[in-house]
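Comments concern the structure below.
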Amino acid sequence: MKHIISFVIKFVLWGTVLLSFLTIFNTPISLIFFISLAATVISYVLGDLLILPRMGNFVATLADLVLSFGLIWFFCYWLIERTANMAYAAFFATMAIGAAEAFFHLFLENHLFTDRTTRQTRNWFDEGRWATEFAEEYEEPKQNDDSQ
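Whatever position you read off the sequence shown (first residue = 1), add 29 for the numbering used here.
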């Protein structure tokens, strides 16, 4: 059930962004729905289920940026128009999706990935292994003996 809710949220996110950008080109709603569904399935499986638990939010967001630009541009280029304007639309849609994906990943980390092992593998730097210790020397200073 958690995956279904997460998938629906991601689908609504992708659908809203693609609807707002692709209606400029008079794209049919059914085609926007198909592009949103296909891109959501691919992005959810690759970015959210494979990369996010292993690498963390930052790497998963970068991977989602690259993946979303490639998917949107591919689908728009082959299904809507073969113009350079599709690359611009894909770029701006990717920026909007990437901004929302970072928050979506935080949602997934808190609600879907509650396993302790995934948190430990990503938070290796929080254990204090890279801390620096500052201390004074414990040796007594040598005193010069001028009495001889």
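For each residue, glycine too, the CB sits at the ideal point set by N, CA and C.
Fair warning: this is a prediction, and the values are worked out from it, not measured in the lab.
Note down, in chain order, each residue of its chain lying with its Cβ closer than 7 angstroms to the Cβ of Q149, except the 5 sequence neighbours on either side. Locating residue 149 in the sequence shown gives position 120, where the first residue counts as 1. Unreliable positioning characterises Q149 in this predicted model, as indicated by a pLDDT of 48, which lies under 50. A coordinate reading is not provided.
Enumerate in chain order the residues of its own chain whose CB-to-CB distance from K39 is below 6 angstroms, with the five nearest sequence positions on each side excluded. For this step, residue 39 is matched to residue 10 along the sequence shown. Counting only Cβ-Cβ distances below 6 angstroms, and skipping sequence neighbours, we find T69, Y73.
Is it right to say T52 is buried, meaning 16 or more other beta carbons lie within 10 angstroms of its own, or is it exposed? Residue mapping note: residue 52 aligns to position 23 of the sequence shown, counting from 1. T52 should be labelled exposed.
Please name the residue, chosen from E130, V37, R111, that lies closest to F62 on a Cα-to-Cα basis. As a first step, residue 62 is located in the sequence shown; it is residue number 33 there, counting from the start. Comparing Cα positions, the closest option is V37.
Since I believe L94 is in contact with T123 (beta carbons under 8 angstroms), could you give me their beta-carbon distance rounded to a whole number of angstroms? What you label residue 123 is simply residue 94 of the sequence shown in a count that begins at 1. What you label residue 94 is simply residue 65 of the sequence shown in a count that begins at 1. The pair is a contact, with the Cβ atoms about 6 angstroms apart (cut-off 8 angstroms).
Using beta-carbon positions only, say whether I109 and T56 come within less than 8 angstroms of one another. Along the sequence shown, one-based indexing puts residue 109 at 80. Along the sequence shown, one-based indexing puts residue 56 at 27. Against a cut-off of 8 angstroms, the Cβ pair of T56 and I109 comes out as a contact.
So the alpha helix (DSSP H) F103 belongs to, where does it begin and stop? Here residue 103 refers to the residue found at position 74 when the sequence shown is read from its first residue. Its alpha helix (DSSP H) spans residues 86 to 108.
On a Cα-Cα basis, can you pick out the residue from D77, A119, G44, F132 that is closest to H32? As a working note, residue 32 is residue 3 in the sequence shown. Closest by alpha carbon: D77.
Can you grab the Cα-Cα spacing for the pair F104 / A125, in whole Å? Here residue 104 refers to the residue found at position 75 of the sequence shown. Here residue 125 refers to the residue found at position 96 of the sequence shown. Rounded to whole angstroms, F104 to A125 spans 17 angstroms at the Cα level.
What first and last residue would you give for the alpha helix (DSSP H) that runs through E130? Sequence index remark: in the sequence shown, residue 130 carries index 101 (1-based). First-last of the alpha helix (DSSP H) with E130: 114 to 140.
Nearest residue (CA-CA) to S35, options E169, Q172, L137: The residue labelled residue 35 in the question sits at position 6 within the sequence shown. Of E169, Q172, L137, the residue nearest in Cα terms is L137.
For E165, does the count of other Cβ atoms within 10 angstroms reach 16, so buried, or fall short, so exposed? If you number the sequence shown from 1, residue 165 lands on position 136. If you draw a 10 Å sphere on the C-beta of E165, you find fewer than 16 other C-beta atoms in it, and that means exposed.
Once DSSP output is grouped into helix, strand and coil, what is the label at R83? Counted from its first residue, the sequence shown places residue 83 at position 54. Correct three-state label for R83: helix.
Find the nearest neighbour of S65 within the set F120, Q172, W43, judged by alpha-carbon distance. Along the sequence shown, read from residue 1 onward, the residue named residue 65 stands at position 36. The shortest C-alpha separation from S65 is found at W43.
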